[in-house]
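Okay, so the sequence shown: first residue is 1 according to UniProt numbering, each after it adds one.
Yeah, the Cβ is synthetic: ideal placement off N, Cα and C, and Gly gets one too.
Input: a single structure, listed below in structure tokens.
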Amino acid sequence: MADPQAKARGPPEPRAEALVEPVRVNDSAAEATLSSAELAWRTTGAGRDSGGRRKLELESDVLGFQVEGRALKLVTFTRGDVTGAGRPPSPVGCGGGAEDRKRGEVAVEMESEEAAERWGHAIRDRFASLGRPKRLFFIVNPYGGKRGGRKIFQTEVLPLIEAAGIHYTMQETNYRLHAQEIAGSLDLRKYDGIICVSGDGILVEVVNGLLQRDDWDKAIKVPLGIIPAGTGNGMVQGLLHSAGEPFSMSNAVFAIIRGHRRALDVTSVVQGKTRFFSVMMLTWGLVADIDIESEKFRWMGSARIDFYSLLRAVNLRRYNGRILFVPAPGYEGFGDPVEQTISCKSNGAANAAEGDITDVCNNETCTYSGPSTDDADLEWRSLKGPFVNVWISNIAFASEGVMIAPQAQFADGYLDAAIIKDCPWSVALGLLLRMKDGSYIESPYVEYFKVKALRIEPGLRVGSSTIGGIIDSDGEVLARGDRSQTKEEPEHLMAYGPPIQLTVDQGLATIFSPR
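What follows is the structure, given as structure tokens:
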């Protein structure tokens, strides 16, 4: 399947005639040219910089602008000085090497107020053609990560949003699944996007809320965005990394302001009649144990993950079970063939037409129930445990410094499976250390492949007749079989033991992206 990238914006617009005026730029005399792509100027006075050409690319260098009398004031967001020679391309990497953008201002004084208005209208039309959002709804989680969501919104997000001239509404979450409720009832006609100032979990709540609406087919097309205010922030890291942008709060905000969009796969996670929608990942085994069980060491800050990773690797657990999957093209050699017929349809989709997106209707209320699949075309294969870890992902990163699925794409219609087989504890520890750059998948103890659909049949911990493991989806416990659920912990959505099935709906959702 092809990977649908940024959404098409229609046929190319006719190129507007450039405007040329004698002006003063930051108090220096200059001749300026405004085209559909850039504002460029060349100083005309005496001095060291006389004659030097400078430019601002409207799409990528300008946050917003204001017209005040004869002055056109542009708020910029650039890397280093704005030069005619242009900047070197940003290296594609994991947040290193590229220079951070900095906010600035360029004041252009025109010869008349009419000229300033004319140039202001031209820039405004250019921004409109780029699809920049005008009205956004922010959902802020004040409890995630270091409980800094509210401060991040006020100090990091709001100044850039206001500089861009974007109108906004903000609401904080007060309890678990509150974001899902908000998304389920929000009047979406009022907004050009929903932005989560949170960890990855709130984004997932919003997706589930949109897909539980009567108008889910329209609601899920509303562009989503995320500002990193959680512990992992894997979605933001993946989006910025894909564009060669370093991981930073301001880069995440600017990606939303610029208005670029890309399609995003949605995974239906089903057990019996219970259904959950994911846009990120599902883990079972070592990583899920580290993620969830280390919560009791939250007082250690981010060091809790490193500490508990070492503890769990030295006291390594293995889990019995089986993974069944439909391999993507090119991955048919993984696993063993499965002879029996396995249905890929959930109860709600059992009678749907082949290839259709399906919905479930009860008492005239219809909600999305996941993609329908033609079982006759599916050839299932399987891997048997024991397993150390099972990682199923739609994105490349679990967090800023952990690349779990180096070949994952946002909308290729497949999930990436990274399965660590039974191995010595020293090998497992080494694999954890190699997750920073994704090189752990090169180990002979790791099976890495892409799938169209997948079913997990989780078993008990090796050496135990009663204790199972933890299945974690997008940072939340989906099922737990280790009997250690606390009284404060909410009831889990699914049971540990019965099969859990994942199927992908290619490009169902839309997310703001740097490019």
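DSSP three-state call for N208: helix, strand or coil? helix
Are three or more beta carbon pairs between the stretch 465–479 and the stretch 492–511 nearer than 8 Å? yes
>> Across the stretch 220–227 and the stretch 388–405, are there enough close Cβ pairs to call them in contact, namely three or more that are closer than 8 Å?
In response: no
Over the uninterrupted beta strand (DSSP E) stretch that includes R312, give me the two end residues. No beta strand (DSSP E) holds R312; the alpha helix (DSSP H) holding it covers 303–314.
Reduced DSSP category for I202 - H, G, I as helix; E, B as strand; rest coil
helix
| query | Out of A71, L39, A37, A18, which has the shortest C-alpha to C-alpha gap to D27? | reply | A71
Quick one: what's got a C-beta closer than 7 Å to K134's C-beta in the same chain, skipping five residues either side? I166, H167, D192
Check: Hey, would you say Q501 sits closer than 9 Å to Q271, going by beta carbons?
Finding: yes
Does the pairing of the stretch 252–260 with the stretch 279–297 give three or more beta-carbon distances under 8 Å? no
Run through DSSP, which three-state label would A183 get? helix
Original post:
By the 10 Å Cβ neighbour count, where 16 or more other Cβ atoms means buried, how is Q66 classified, buried or exposed?
Top reply: exposed
**Study point:** Inter-residue Cα distance where the pair is I161 and A255
**Key:** 11 Å
Next on the checklist: Could you tell me the alpha carbon to alpha carbon distance between S268 and F410, rounded to whole angstroms?
Outcome noted: 15 Å
Q) By Cβ distance, which residues of its chain are closer than 6 Å to E172, with the 5 residues on each side in sequence left out? A) V140, P142
Rounded separation between L431 and A30 - CA only | 58 Å
*By DSSP, does V287 sit in helix, in strand, or in coil?*
helix
- Beta-carbon separation of V108 and I152 under 9 Å? no
Roughly how many angstroms lie between the CA atoms of L56 and L158, to the nearest whole one? 23 Å
With 16 other CB atoms within 10 Å as the buried threshold, where does L310 fall?
exposed
Check your understanding: If we count the other Cβ atoms within 10 Å of its Cβ and call it buried at 16 or more, is L34 buried or exposed?
Key -> buried
Requested in this report: Indicate whether E21 and A32 have their beta-carbon atoms separated by less than 9 Å.
Outcome: yes
**Item:** Alpha carbon of S250 to alpha carbon of A263, nearest angstrom
**Value:** 22 Å
Using a Cβ-Cβ distance cut-off of 9 Å, determine whether A122 contacts chain C. Chain labels in this structure do not include chain C; a single protein chain is all it has.
Margin query: Going by C-alpha to C-alpha distance, which of E181, T155, Y331, W41 sits closest to L415?
Written below: Y331
Exercise. How many Å lie between A479 and S294 at the Cα?
Worked result: 17 Å
Next item on the list: Might you give, ordered along the chain, the residues of its own chain that have their beta carbon closer than 6 Å to the beta carbon of K384, omitting 5 neighbours on each side?
Entry: R322
Per-residue burial, N174 [other beta carbons within 10 Å of its own, 16 or more giving buried]:
exposed
N174 in three-state terms, based on DSSP | coil
Quiz prompt | Three-state secondary structure assigned by DSSP to K134 | solution = coil
*On the DSSP bridge assignment, give the partners of G225 in chain order.*
I195
### Message
Can you find the residues in the same chain that come closer than 7 Å, C-beta to C-beta, to M170, ignoring five residues on each side of it along the sequence?
### Response
F138, V140, F153
Item to check | Alpha carbon of I182 to alpha carbon of K296, nearest angstrom | outcome: 30 Å
Kindly indicate which three-state DSSP category residue 516 falls into: helix, strand or coil? This structure leaves residue 516 out entirely; the chain is present only between 1 and 515.
8 Å contact criterion, which M281 and A398 should meet: CB distance rounded: 7 Å
With a cut-off of 8 Å on the beta carbons, I'd call A179 and G209 a contact; round off their distance for me.
7 Å
Close beta carbons around K450, own chain, < 6 Å, minus the five adjacent residues each side | A328, Y331, Y414, D416
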